[in-house]
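Written out below as structure tokens is the structure these notes cover.
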Amino acid sequence: MQIGNDITHAAQLIQSGELVAFPTETVYGLGADALNPSAVAKIFEAKERPAFDPLIVHVAHLNQTKSLCRQWDERIRLLAEHFWPGPLTIVVEKNERVPDIVTSGLNTVGIRMPDHPLALQLIAEAKTPIAAPSANKFGRISPTKAWHVANQLTEVPYIIDGGQTTVGIESSVIRLHEDGFVMLRPGAISSDQIREVIPESKMSDEEHKLHSPGLIKSHYSPQKPLFIGEIDLKETDLSNAGLIAWGQPEYASKFSKVEYLSVDQRMEEAAINLFSALHNMESSDVEFIVADPVPEEGIGIAIMDRMRKAAYRYRNT
Ligand code: TXA
Ligand code: MG
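Per full-length UniProt numbering, the sequence shown starts with residue 1, numbered consecutively.
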């Protein structure tokens, strides 16, 4: 494995059907030529990802988006004008150019234009849309730094190092329907912001849950127990415990290791630091982790979504 910033070399690897990990503004992606099914198969293998979980296709131009859609929809142009490049994935009906392995057999594809110069340069030089999930093993913590990728995916031929990502949490995923959109995964762009551009769908919760097979309850998990603010601090031995803190709580001094999401409680800063805090705890010698909940407003909704999924498998244990 190599880590560097040789985009031309990375683009050649993509063109020859190999994998390249690259930075976006949200998290690092594990990319392959989206139009080459055997290259895309390597993503599922490297991540140990189940075949039912569809991938997002990354583009550098609106024309590339057009080339993947069954039918052009002017709402995509509107959304692109407002939010692209940026952390918004738009799920629309696909055409036959998009291999089934990319979409897990669905007739829809998720598309986004990442807001990162190295990602855009890679897509442009490779001259093909790039399918990429987050560059972590399935179910584990998403990467916001190159070493997070290198730790989990040792077989990837090349990692483009773009430093720390600037949003820190995966893109918002919306599905377009005839009567509007539904939010499938919360991220930095809120439903309110999208509603200012296009109407929301009247589809029921039950109906729209059927549309995102990859959204499972347990995800983003550290390899040691994580509890969200539910530990009795007086009764528990914290000498081998880590705290992921919101603000600067006085009980932080009781823990053997502390990761501060944002000492002055700035939500965007907390989003940037969340996955890094989890990675640092995972690779430290603490035995378990306690995380302070953050207020569920703005990107705080996405932070709590990721935290609950990261803690899910440790509930009641
Ligand atoms: O910010 C991000 O979105 C990052 C960077 C690398 O772009 N990517 C990312 O990919 O988070 P991934 O694979 O970890 O999550 C993609 C999720 C899927 O699990 C699924 O829930 C949803 O996006 N998705 C993708 N295609 C879909 C489709 N056709 N229909 C419904 N949901 C889809
Ligand atoms: Mg992921």
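Built from N, CA and C at the ideal position, the CB exists for glycine as well.
| field | For His61, the nearest candidate out of Phe44, Ala124 and Lys42 (CA to CA) | value | Ala124
| field | 8 Å Cβ cutoff met for Gln71 and Glu93 | value | yes
| message | Which residue wins for smallest C-alpha separation from Pro54, given the options Val173, Ile7 and Arg266? | response | Val173
| message | Assuming Asp192 is part of the alpha helix (DSSP H), what are its boundary residues? | response | Ser191 to Arg195
| field | Span of the beta strand (DSSP E), counted from its first residue to its last, around Met281 | value | Element bounds for Met281: not the beta strand (DSSP E) but the alpha helix (DSSP H), Met267 to Glu282.
| Should Asn58 be counted as a contact of the ligand TXA given a C-beta to heavy atom distance under 7 Å? | Here residue 58 is His; the residue named in the question, Asn, does not match the sequence. Checking every heavy atom of the ligand TXA against the Cβ of His58, one is found closer than 7 Å.
| message | Pairs of beta-carbons, one from the region 266 to 275 and one from the region 287 to 303, closer than 8 Å: are there three or more? | response | yes
| task | Using the Cα positions of Gly105 and Val98, report the straight-line distance between them to the nearest angstrom. | result | 10 Å
| request: Compute every distance between the C-beta of Val98 and the non-hydrogen atoms of the ligand TXA, then say whether any falls below 7 Å. | output: no
| Candidates Ile76, Asp161 and Gln152: which alpha carbon is nearest His116's? | Asp161
| query | For Gln223, which option in Val258, Leu233, Asp179 and Ala311 has the closest C-alpha, if you only look at C-alpha atoms? | reply | Ala311
| request: Below 8 Å on the Cβ atoms is my guess for Ala10 versus Leu19; work out the distance and round it to an integer in Å. | output: Contact doesn't hold; Cβ gap of about 10 Å is too wide.
| request: Give the DSSP bridge partners of Leu30, in chain order. | output: Ala21
| request: Would you list the one or two residues that DSSP bridges to Ile174? | output: Ile90 and Met183
| Are the CB atoms of Gly242 and Asp292 nearer to each other than 8 Å? | no
| query | Between Pro133 and the ligand MG, is the CB less than 7 Å from at least one heavy atom? | reply | yes
| task | Name the two residues that bound the continuous beta strand (DSSP E) containing Gly300. | result | Segment Gly300 to Ala311 is the alpha helix (DSSP H) holding Gly300; no beta strand (DSSP E) there.
| field | 7 Å CB neighbourhood of Leu13 in its chain, flanking five on each side removed | value | Val20, Pro157 and Tyr158
| said: At a threshold of 7 Å, does Asp53 count as lining the ligand TXA (C-beta to nearest heavy atom)? | reply: yes
| query | At which residue ranges does the region 241 to 265 contain complete beta strand (DSSP E) runs of 3 or more residues, listed in the order of the chain? | reply | 241 to 246 and 257 to 262
| field | Span of the alpha helix (DSSP H), counted from its first residue to its last, around Leu118 | value | Pro117 to Ala126
| query | Do Leu79 and Ile198 have their C-beta atoms closer together than 8 Å? | reply | yes
| task | Report back the beta-carbon spacing between Ile3 and Ala150 to the nearest angstrom; my notes put them in contact at under 8 Å. | result | 6 Å
| Limits of the alpha helix (DSSP H) - the one that His61 falls within | Premise fails: His61 is in no alpha helix (DSSP H) and is neither H nor E.
| message | Tell me the DSSP secondary structure of Thr103 in three-state form. | response | helix
| Does the separation of the CB atoms of Ala135 and Pro143 fall below 8 Å? | yes
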